[in-house]
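If you're matching positions, the sequence shown starts at 34 in our numbering and goes up one per residue.
Written below as structure tokens is the structure these notes are about.
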Amino acid sequence: MNIDTDSLVLTALIAMAALLYSAVGHGGASGYLAAMSLFGLAPAIMKPTALVLNIAVASIALYKFYRSKAFSWQLFWPIALLSVPCAYLGGTITLPGHWYKPLVGVVLVYAAGRSFYGAKKHAVYNVQAVAYPTLMFVGALLGLLSGLTGVGGGIFLSPLMLFFRWAQIRVISGIAAAFILVNSIAGLLGVLSKTSLDILPKALPLWMLAAVLGGFIGAEYGSKRLANPTLQKLLALVLLVAGVKMIVT
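This is the structure:
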């Protein structure tokens, strides 16, 4: 990768991804992966790099949403209980993704359309109760997927929680931020159990700074200043981008 122009463009793309994704409580890993793939970075470098950036941005998003009381411990802990060890396990495994990525992409695109349509119809809905065993099963499955793909899992968790209406949209964003944070840490530890920190690119500090700045701005607006319909449309856009990326790759 050219150390000048290409690095600056990639840094700008990372900042933009962090801003958009953090506004809906996401860490932005799928955006970082897409940006890095445009510049031909090796998958072995992309996965841990995206997880490191994810940890930084998800931490900011969680702080902002939690302070705004957009969070639920009651929903988070059963989801995270099994997701963490499963994300670690997924981080240690490298599997071909040609069969499940298109399927997940279609699901995310559908969820994006449903979220956008719902934003035009109503921003508030009646929350549906969910049993702890269901949340634990979801956490285990999505944690494994998170570790395998190198993302924190928010792109999987958010549409699922929206579809079943387990919480209001801002609370979902706060839960997603926490889910992404713990899974990214576990997934990164899984990756590093098979390799070393030397695999991380030298430009990572610059990318980290860009991601933190973008993440701070996005989380600030997403956690406090955007109305629910706008937040739903942003979430729809995030899901659409992630879904299309999974389908085409």
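Glycine included, each C-beta is placed from N, C-alpha and C at the ideal position.
Using three-state DSSP, classify residue i as helix, strand or coil.
i	result
Arg203	helix
Thr127	coil
Gly251	helix
Val277	helix
Met49	helix
Tyr158	coil
Asp229	Here the sequence assigns Ser to residue 229, which means Asp is not the residue at that position. Coil.
Ala243	helix
Lys235	coil
Ala164	coil
Val184	coil
Thr263	helix
By Cβ distance below 7 Å, which residues in the same chain neighbour residue i in space, the five residues on each side in sequence not counted?
i	result
Phe249	Ile93
Between the options, which lies nearest to residue i when the distance is taken from Cα to Cα?
i	options	result
Gly247	Gly58, Leu222, Thr38 and Leu174	Gly58
Ala48	Gln107, Leu239 and Ile280	Leu239
Pro76	Pro234, Ser191, Ala210 and Arg100	Pro234
Ser217	Leu53, Val117 and Phe104	Val117
Ala164	Ala219, Val42 and Trp110	Trp110
Val271	Phe189, Lys102, Ala236 and Phe98	Phe189
Val204	Pro135, Arg100, Ala56 and Ser105	Ser105
Ala252	Ser226, Asp39 and Leu53	Leu53
Val160	Trp199, Phe98 and Leu174	Trp199
Tyr254	Val42, Leu43 and Ser55	Ser55
Thr44	Ala236, Leu115 and Lys266	Ala236
Only counting the same chain, and skipping five residues up and downstream in sequence, which positions put a Cβ closer than 8 Å to that of residue i?
i	result
Leu221	Pro81, Leu84, Val85, Ile88 and Gly124
Asp39	Phe72
Met241	Val85, Leu86 and Ala89
Hey, does residue i have any beta-carbon neighbour from chain C nearer than 8 Å?
i	result
Leu214	Included in the structure is just one protein chain, with no chain C present.
Check whether the Cβ atoms of residue i and residue j sit closer than 8 Å, and answer yes or no.
i	j	result
Val274	Gly64	yes
Cys119	Gly183	no
Ala91	Gly185	yes
Ala62	Ala244	no
Ile112	Gly172	yes
Leu95	Leu193	no
Leu177	Leu122	yes
Gly207	Ala103	yes
| query | What are the uninterrupted segments assigned as alpha helix (DSSP H) that are 4 or more residues long and contained completely in the segment 51-128, given in chain order? | reply | 62-71, 76-100 and 106-125
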